[in-house]
Amino acid sequence: TIQQLRVAESREQQEKRVAQLLGVDFIANAIYLDVVIAGYRLHGWVARPVYSRADVDGQLFYVNGRFVRDKTLSHAARHAYRDVLYHGRYPAYLLFLEIDPAQVDVNVHPAKQEVRFRESRAVHDFVFRTVEKVLAEGGRAGVELGESALESTHASALSASAGGLARPPEQSRFPSTAFQSGYGSATGGQGGHAVADSEAFYRQLSRPLEGDQSGASPAPDFAEDQPLGRAVAQIHATYILAETPRGMVIVDMHAAHERIVYERLKTQYGGLVTQPLLVPVIVNVTDSEIRLVEQHQQLLLDLGLELTQSGPQQLAVRAVPALLNRDNAQQLVRDLLDELAQHGSADQIQLQIDACLASMACHGSVRSGRQLTLAEMDGLLRDMEQTERSGQCNHGRPTWTELSVQDLDRLFMRGR
1 TIQQLRVAES
11 REQQEKRVAQ
21 LLGVDFIANA
31 IYLDVVIAGY
41 RLHGWVARPV
51 YSRADVDGQL
61 FYVNGRFVRD
71 KTLSHAARHA
81 YRDVLYHGRY
91 PAYLLFLEID
101 PAQVDVNVHP
111 AKQEVRFRES
121 RAVHDFVFRT
131 VEKVLAEGGR
141 AGVELGESAL
151 ESTHASALSA
161 SAGGLARPPE
171 QSRFPSTAFQ
181 SGYGSATGGQ
191 GGHAVADSEA
201 FYRQLSRPLE
211 GDQSGASPAP
221 DFAEDQPLGR
231 AVAQIHATYI
241 LAETPRGMVI
251 VDMHAAHERI
261 VYERLKTQYG
271 GLVTQPLLVP
281 VIVNVTDSEI
291 RLVEQHQQLL
301 LDLGLELTQS
311 GPQQLAVRAV
321 PALLNRDNAQ
331 QLVRDLLDEL
341 AQHGSADQIQ
351 LQIDACLASM
361 ACHGSVRSGR
371 QLTLAEMDGL
381 LRDMEQTERS
391 GQCNHGRPTW
401 TELSVQDLDR
411 LFMRGR
């Protein structure tokens, strides 16, 4: 069915139109962005990680007003979600990229749904870093149990899944869901801290939460910069119950602390530390792949990977990032070469390092079953408020959920 609609000029009109296209749940869980850098403009909506799909139907990209299906753009957006999305789920977004028409060829496909960028790597990096930063800034929000979930039985309301929850984005407990202008420096620290002893390293970072051991319940004292409120109890040594100005918050303490430790590890690790190999690993390659390595030599060195040509169609891996296992060096190089050939970027090293840090964070975070004092629980809440992506654990699961006073009233049929 083809419909002729008037142009949606205001943000409110645009969001109503988007809700008609992608659903009310999408726009209720979406973050609006509008970023202009170096001649590129990216604007539109990206869904928070707690709203995800089982397929890619909710991914729409427009270039200069034309709908496209482009591998570079899809890859950039997918990798921006790599740290926060639950396994097997897909992100949803509606994004508009505006670029100098001279920098893009729209005649690649007869239906003009595919494009070719003159500077594909620059476009990829712009989209990736922009979406990643937006998710980091807006990713502190957890799951909110909306009215649609509460109208069912009490049990189903309290066990509602993240994908079916609806709450207007402006009611998020953390800073504005609109992300505008430049994204500044990339997420993460600049230190060159080497991870020689991983166990000691994460133990140092996952320091005990400070506070007294009295366990006395303080009177509610809500501050504007403390949207997660004040802890009042621990449930089954697994969940933290906190009172907020709007109602109550329930926190999965292990999942929340796992994200906090993970983000600290990434910041402290900073630059990639190189580990020379006593015995180089030989990789058989093609002539085109050798040229690819020569073309991206500096990029590979920056990633902690030293490659030299050891034969007509052979590469020698002489150094790898310190956190990675040399036994996987050959497959790592193969994956990197494929990625460089397709997208002009090399994310495999960072992905594998992040996986190592995530594993360390999982083992270094507070475990379910540990009794915490109120001061320790409050310390965890404050750390969550200051940590990017704290709304999801390292595996993409939500770390907290909220019930407002109105939600509680509906559960108990008060005011009816």
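Everything in the sequence shown is counted per our numbering, starting at 1 for the first residue and increasing by one.
Backbone N, C-alpha and C fix where the C-beta goes; we use that ideal spot for every residue, glycine too.
Asked: At which residue ranges does the region 293–331 contain complete alpha helix (DSSP H) runs of 4 or more residues, listed in the order of the chain?; Found: 297–302
Asked: List the endpoints of the continuous beta strand (DSSP E) containing THR274.; Found: 274–284
Asked: Could you pull the start and end residues of the beta strand (DSSP E) that PHE67 belongs to?; Found: 66–68
Asked: Buried or exposed: which applies to PHE126, given that a residue is buried once 16 or more other Cβ atoms fall within 10 Å of its Cβ?; Found: buried
Asked: Which residues share a DSSP beta bridge with GLU243?; Found: ARG230 and MET248
Asked: Taking Cβ positions, are VAL46 and GLY396 nearer each other than 7 Å?; Found: no
Asked: Does DSSP put HIS79 in a helix, in a strand, or in coil?; Found: helix
Asked: Would you mind giving the Cβ-Cβ distance between LEU135 and ALA80, rounded to the nearest angstrom? I have them listed as a contact below 8 Å.; Found: 6 Å
Asked: What does the alpha-carbon distance come out to for the pair VAL279 and LEU332?; Found: 17 Å
Asked: Between the region 399–415 and the region 279–290, do three or more beta carbon pairs fall short of 8 Å?; Found: no
Asked: Where does ASP354 sit, in a helix, a strand or coil, going by DSSP?; Found: helix
Asked: For HIS236 and VAL18, I'd like the C-alpha separation in whole angstroms.; Found: 41 Å
Asked: Hey, quick one: how far does the beta strand (DSSP E) through HIS43 stretch, first residue to last?; Found: 40–47
Asked: Quick check on LYS133: buried or exposed, where buried means 16 or more other Cβ atoms within 10 Å of its Cβ?; Found: buried
Asked: Quick one, which of ILE290, ARG246, CYS362 and TYR239 has its alpha-carbon nearest GLN406's?; Found: ARG246
Asked: Under three-state DSSP, which class holds SER368?; Found: coil
Asked: Quick check: the region 97–105 against the region 25–40, are there 3 or more CB pairs under 8 Å?; Found: yes
Asked: Just tell me which of LEU403, ARG334, PRO101 and GLN297 has its CA closest to the CA of ARG116.; Found: PRO101
Asked: Straight-line CA distance for ARG382 to PRO276?; Found: 41 Å
Asked: What are the residues that DSSP puts in a beta bridge with VAL63?; Found: ARG66 and LEU97
Asked: Between THR274 and ALA322, which are expected to be in contact by the criterion C-beta below 8 Å, what is the C-beta distance as a whole number of angstroms?; Found: 7 Å
Asked: Across which residues does DSSP place ALA30 in a beta bridge pair?; Found: ALA47
Asked: Can we say the region 386–396 touches the region 257–267, given the rule of at least three CB pairs closer than 8 Å?; Found: yes
Asked: Does ASP197 come out as helix, strand or coil in the three-state DSSP assignment?; Found: Residue placement at ASP197 is poorly supported in this model, since its pLDDT is 43, which falls under 50; the coordinates still yield a value, given next. Coil.
Asked: Do you know whose CA, among VAL104, ARG82 and ILE31, lies nearest ARG66's CA?; Found: VAL104
Asked: Using a threshold of 6 Å, is the CB atom of TYR262 nearer than that to any non-hydrogen atom of the ligand ZN?; Found: Of ligands this structure carries none, so the ligand ZN is not represented either.
Asked: Assuming contact is defined by CB atoms lying nearer than 7 Å, are ASP225 and THR399 in contact in what I supplied?; Found: no
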